[in-house]
Structure formats: C-alpha cells, structure tokens
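Some notes on the structure that comes next.
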Amino acid sequence: MKKESICSIFMNMPDLATERLILRPMRESDADDMYSYASRNDVTEYLLWSPHPSRGYTRDYLRYISSRYKLGDFYDWAVIEKTSGKMIGTCGFTRFDPPHNGAEIGYVLGPDYHGRGYATEAAERVVEYGFSELGLHRIEARFMMGNEASLKVMEKLGMTFEGYKRDGMLVKGKYRTIGVCSIIENEWKERKMIETCMKKYPLKLDCVSKSAIWGGNRLRNNWNKHGEGENIAETWELTVREKENSKITNGCYAGATLSDYIEKCVGAVSSDYKAGERFPLLVKFIDAAESLSVQVHPDDEYAKTVENDSGKTEMWYIVDATKDAEIIFGLADGVDKAEFSKAVDNGGLDRVMKRVKVKKGDSFFIPAGMLHAIGRGILIAEIQQNSDLTYRVYDYDRVGADGKKRELHTDKAKDVVRPFTDCESESIRYSRGKTENCLAASKYFKVDKLDLSAGKSTELTVDKCFVSLLCVDGEGAIEYNGEEYPIKVGDSYFLPAGMGKCEICGNVTILCSTI
Numbered sequence: 000m001k002k003e004s005i006c007s008i009f010m011n012m013p014d015l016a017t018e019r020l021i022l023r024p025m026r027e028s029d030a031d032d033m034y035s036y037a038s039r040n041d042v043t044e045y046l047l048w049s050p051h052p053s054r055g056y057t058r059d060y061l062r063y064i065s066s067r068y069k070l071g072d073f074y075d076w077a078v079i080e081k082t083s084g085k086m087i088g089t090c091g092f093t094r095f096d097p098p099h100n101g102a103e104i105g106y107v108l109g110p111d112y113h114g115r116g117y118a119t120e121a122a123e124r125v126v127e128y129g130f131s132e133l134g135l136h137r138i139e140a141r142f143m144m145g146n147e148a149s150l151k152v153m154e155k156l157g158m159t160f161e162g163y164k165r166d167g168m169l170v171k172g173k174y175r176t177i178g179v180c181s182i183i184e185n186e187w188k189e190r191k192m193i194e195t196c197m198k199k200y201p202l203k204l205d206c207v208s209k210s211a212i213w214g215g216n217r218l219r220n221n222w223n224k225h226g227e228g229e230n231i232a233e234t235w236e237l238t239v240r241e242k243e244n245s246k247i248t249n250g251c252y253a254g255a256t257l258s259d260y261i262e263k264c265v266g267a268v269s270s271d272y273k274a275g276e277r278f279p280l281l282v283k284f285i286d287a288a289e290s291l292s293v294q295v296h297p298d299d300e301y302a303k304t305v306e307n308d309s310g311k312t313e314m315w316y317i318v319d320a321t322k323d324a325e326i327i328f329g330l331a332d333g334v335d336k337a338e339f340s341k342a343v344d345n346g347g348l349d350r351v352m353k354r355v356k357v358k359k360g361d362s363f364f365i366p367a368g369m370l371h372a373i374g375r376g377i378l379i380a381e382i383q384q385n386s387d388l389t390y391r392v393y394d395y396d397r398v399g400a401d402g403k404k405r406e407l408h409t410d411k412a413k414d415v416v417r418p419f420t421d422c423e424s425e426s427i428r429y430s431r432g433k434t435e436n437c438l439a440a441s442k443y444f445k446v447d448k449l450d451l452s453a454g455k456s457t458e459l460t461v462d463k464c465f466v467s468l469l470c471v472d473g474e475g476a477i478e479y480n481g482e483e484y485p486i487k488v489g490d491s492y493f494l495p496a497g498m499g500k501c502e503i504c505g506n507v508t509i510l511c512s513t514i
C-alpha cells in the first residue's frame, strides 16, 4: 500500500455502518457532543491529548479536522449512535505504515456509553475495513498500563498481546508504559470464518443408507436417496453415532459431520447437553418391500444391565402404504407374558399378536417392551431413542447374505415384552384441519406434525433444545435471518438450540422432533 493511495481513499472518507452505529467523518456540528466527553479528565487520563478547555476549542479542532480530511491525511471517524443520532466518540486509524502494509487503530468513547460493547463494535468495523478494503497485513493497537478496559476491547477484537514497552512514551510530562496488541490478516480471516460458522442456521443433512433383506427402492427411485446396496431399506436422516453420522450439506459447515458441528458449537443440542454424551435421537425413513421381523426392544434398565446400551422407544408416521397394509402393534387383547412365552416356544405366535390396518398419515407410539413389526408395502418415518438394540422373535425363516437364517433373540424378547392396556398402546392419530398436531410426547422425545397448505406459513421458535425437521410430503421453505432454505419430501434439517425464530411456509408436511 502506498501513502498516495491512502490519501486518495480518505479524501473521500466512506461512511461505515454496524448494527447500532454509524461511523462517518466528523463535522463542526458535532462540537457539543464531542465537548461533553472530550472536556473530561477521566476520559483523557489514558490519551495523548489533554481535556478540551472550551466548546470554542472543540469547534476549532473540528474545523481543523475538516481541512485534514480534504488532504486525505486524517483517518478517524465520528462514532454516531443510530438511535439518538449523537456523536458518542471517535474510532479510526491513528497511523499507517505503507512499506509494511500495517496500521494502528485508536478509539475513545464518552463515559455514558461505556460497558455497552460500542467500542468493540466500532473497532471491529474499522479492523474489517482495514483488512477487507485497504488490504492491510497487520493492525495493531496500543494502550497505557492501567487502562484495562482498552486491553479488553483489543482482546475482543482477537488481537494478541505482544508485550509492554517500559516507559515507552512521554505523555503530558510523565513516562508511561505502553502495551501493544496486534492482529494479522490471516488471523482475522480465520476469526471471521469461525464467527460466521458459529452463527446458527438450519443445517441440511445428508443421510446414511442401509440395505436389508426386506428393503425396497422407493427411497432411491422417488426421492433420489443414494446407497450402494441392491436396495435402500433405511435412510438414517439424523444420526450421530460412531459409525453412522449425518453430513451437513449447506452453509459454512458443508461437508462436516453433525458430530463435528455439535463438538464445535457448544450448546447446539441443548443448554444442558454435555460433550461426550450420547446424542438422544435417531431419525429414519424405512421402506418395507417385505415385512420386517416381529421384534421388541428393551427399556433402559434392561438394556443397561444386559447390553450396556440404552433402550429403545420409538414412534412411526406412515408416509405411504399399499392397500390393506398392516402392522403388528403389541400383544392381542388379554394376552399376558406367560401366554406370549408359550406361543414363542410352541408355535401359535400369530394368535397372540395384534394386527392394525394402516394408511398414509397414521402415527403410532411404540414404547420399549411392545411387540411390533412393520408390514410389507409400508414406508414410514421413525423417530426413536438413539439405540439399535432389537430382539427378533420371528423372521419368516428368511436366509441372510451368509446363507443362514437370521438370528432370533427369543429368550431376551420374553424377558422384555410387556402387554399394554388400550390406553398405553393406543395409536395416536392426528386431527385434520389443525396446523400443528402432537403425534407423540414421552420422556424421550416429542414429535409434532406441521401440516401446511399452499400460501400458509407458521412460526417456529428454537430455544433451549434442537429441533429435527423431517419432510414427509410436499415442498416448502424455511425462512431464517433473511435467507430461504428449501425443503421437500425426503429432506432432513437440524435446527440448533438457540437458533431463535424461523418461518416455515409452503404446501408441506413436516415432522418436528425434539427432546
């Protein structure tokens, strides 16, 4: 950078804006505002200049500054509070070092505006201008020993403290020790990238696909899901596990795994979630071209004791189903554990199971201990505890890829199966005509159905806990912070805790899950 180019830029000094401030050239009309702080001893204690003795002196000073602006050799902005329109201080460059592409910044604010983050906000904008517009390599700032408030501003700017120059300056007849801080262009760029990424936004997720003996290809053919197997039986749409991890496909975290994001963005799961804890949910699509095995999952206590794992409670939403499709939904009325065990040992399992016809839009809550199976021709969305523990009771004598019948777990199944009263096992079906409907509410998760028609929208607030969005029909958009994130059937989004308010619109049906 050459001195001549600096002068040409500052002869037409630009206005700079922040969220709460305007930085513009000083004017003679700012005299009263400037004098109100520049005349105070407590303001100038750590500055190179003495208090202004009068308003007339301040006006003369501002006239002088106007002449310097015309020459392009003065680089300080007036700091204007947007709400009041008052000049509350100054911030800018105190000097440039063209041969080495460096500069120094300085700032001063009236005491009435201390403690509000204004100094940091103004200085951040000046530093940004220096690196992004002026092409600087290094920006430094100095402070007098004792002025800890100024040092804190420099630390908030991401500057590195380089040390003290003992008795480095003679100021108003007294030698003062001067501290020096600085930030380099690459450090600033990295800091900006991190700050941008830490800004929470709707994270679109890519799935983990799995094939199975009973799987179909609707997920691949209809929704363009990818997978290497002959079929795509399941897509794990929200998964944070050692071997199965959702990938982020949008924004500054594109390409990162969701577990990486959660590790870096503290509080993204919930306000009380601790690093290293098991992520609470697993969200899937399941395409059953053939019936799944009759099975049951253990509760937390049994799973911890026997498997050193967590139990599995889940819920299903029927995304699509062929005519007369059905599920197994618990034990038949009046059947107890003893009768179930006898049927497992001696045959006759079919008579102890409850079968339920299903159609698109139905939902079912499957607590741990409930016997269940997804029937052929059904495509479901499943929200569950983050566990893959399954005890098979019956598998239609199917042979796996190894040529052997798949393993059954009948003894463990007999341990954990439970009969349920009608109240406990009742299918939860939604009421038509309502925008939001609670499909399931348990100590493990809560699932709401968001059903919008064209031209309709609803507001969603993401506060202390994350929200999973799984689109099960139609298409629409998530509007957040002035940006639009498209969502269509098959898409999955993770909304991090603390993201705040967003708007969802379109002709779309979405399952909103949280804990």
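For the sequence shown, position 262 (counting from the first letter as 1) is numbered 261 according to numbering that gives the first Met the number 0, and the numbering increases by one without interruption. Quick reminder that beta carbons are idealized off the backbone N, C-alpha and C, glycines included.
Identify whether residue i lies in helix, strand or coil by the three-state DSSP scheme.
| i | result |
| --- | --- |
| Met153 | helix |
| Glu338 | helix |
| Lys42 | Note that residue 42 is Val in the sequence shown, not Lys. In the structure shown, Val42 sits in a helix (DSSP, three-state: H, G or I). |
| Ser491 | strand |
| Lys188 | helix |
| Asn223 | coil |
| Gly67 | In the sequence on display, residue 67 carries Arg and not Gly. The answer is helix: DSSP assigns Arg67 an H, G or I state. |
| Pro201 | coil |
| Ile5 | helix |
| Pro485 | strand |
| Phe73 | coil |
| Phe130 | helix |
| Met33 | helix |
| Glu425 | Only weak support exists for where Glu425 lies, its pLDDT of 45 falling under 50; the value from the coordinates is given anyway. Coil, per DSSP. |
| Met143 | strand |
| Val250 | Correcting the residue type first, residue 250 is Gly in the shown sequence and not Val. Residue state, collapsed to three classes: helix. |
| Tyr60 | helix |
| Lys173 | strand |
| Arg240 | coil |
| Met25 | coil |
| Gly432 | Its pLDDT being 43, under 50, Gly432 is placed unreliably by the model, and the measurement read from it follows with that caveat. Looking at Gly432 - three-state DSSP - the assignment turns out to be coil, as it is neither helix nor strand. |
| Lys263 | helix |
| Lys411 | helix |
| Glu229 | coil |
| Arg137 | strand |
| Arg54 | helix |
| Ala400 | coil |
For residue i, which residues from the same chain have a beta carbon less than 6 angstroms from its beta carbon, with the 5 sequence-adjacent residues on both sides left out?
| i | result |
| --- | --- |
| Ile509 | Leu449, Leu468, Cys470 |
| Met25 | Leu61, Ile64, Ala77 |
Per DSSP, which one or two residues make a beta bridge with residue i?
| i | result |
| --- | --- |
| Ala440 | Lys445 |
| His371 | Gln294, Phe328 |
| Ala320 | Ile377 |
| Arg531 | Nothing about residue 531 can be read from this structure; the chain reaches only from 0 to 514. |
| Thr256 | Lys246 |
| Phe363 | Trp315 |
| Gly499 | Val461 |
| Ala476 | Pro485, Cys504 |
| Val509 | Before going on, a small fix: residue 509 reads as Ile here, not Val. According to DSSP, which records beta bridges pairwise, Ile509 is partnered with Leu449, Cys470. |
| Arg391 | Gln294 |
| Trp235 | Val207, Lys283 |
| Tyr272 | DSSP lists no partner for Tyr272. |
| Val179 | Arg141, Gly162 |
Since residue i and residue j are thought to touch, with beta carbons under 8 angstroms apart, how far apart are those beta carbons, to the nearest angstrom?
| i | j | result |
| --- | --- | --- |
| Val78 | Thr89 | 6 angstroms |
| Ser512 | Val282 | 6 angstroms |
| Asn100 | Arg137 | 7 angstroms |
| Val461 | Gly473 | Not really, about 21 angstroms apart at Cβ, beyond 8 angstroms. |
| Val446 | Leu459 | Val446 to Leu459, Cβ: 14 angstroms. No contact. |
| Ala496 | Val268 | 6 angstroms |
Who are the near neighbours of residue i in its chain, counting only those whose CB is closer than 8 angstroms to its CB and skipping five residues on each side?
| i | result |
| --- | --- |
| Ile326 | Trp315, Arg354, Val355, Val357, Phe363, His371, Ala372, Ile373, Gly374, Ile377 |
| Asn244 | Val207, Thr238, Thr256, Leu257, Ser258 |
| Leu204 | Glu236, Leu237, Ser245, Lys246, Ile247, Thr248, Leu257, Ser491, Tyr492, Phe493 |
| Glu120 | Thr17, Glu18, Arg19, Leu20 |
If I measure Cβ to Cβ from residue i and keep anything under 7 angstroms in the same chain, skipping five residues before and after, which residues do I get?
| i | result |
| --- | --- |
| Glu338 | Val351 |
| Lys69 | Met10 |
| Glu483 | Ala476 |
| Val398 | Lys404 |
| Val334 | Val351, Pro418 |
| Tyr74 | Phe9, Gly91, Phe92 |
| Gly228 | Ser210 |
Could you check whether the Cβ of residue i sits closer than 7 angstroms to any Cβ belonging to chain D?
| i | result |
| --- | --- |
| Gly505 | Protein chains in the displayed structure number just one, and chain D is not present. |
At least three beta-carbon pairs within less than 8 angstroms, the segment 181 to 199 to the segment 152 to 159: yes
Three or more C-beta pairs below 8 angstroms linking the segment 378 to 393 and the segment 269 to 288: yes
Contact the segment 24 to 36 vs the segment 47 to 59: 3+ CB pairs below 8 angstroms: yes
At least 3 beta-carbon pairs within less than 8 angstroms: the segment 332 to 346 vs the segment 296 to 303: no
Validate contact between the segment 142 to 152 and the segment 38 to 46 using beta carbons, cut 8 angstroms, 3 pairs: yes
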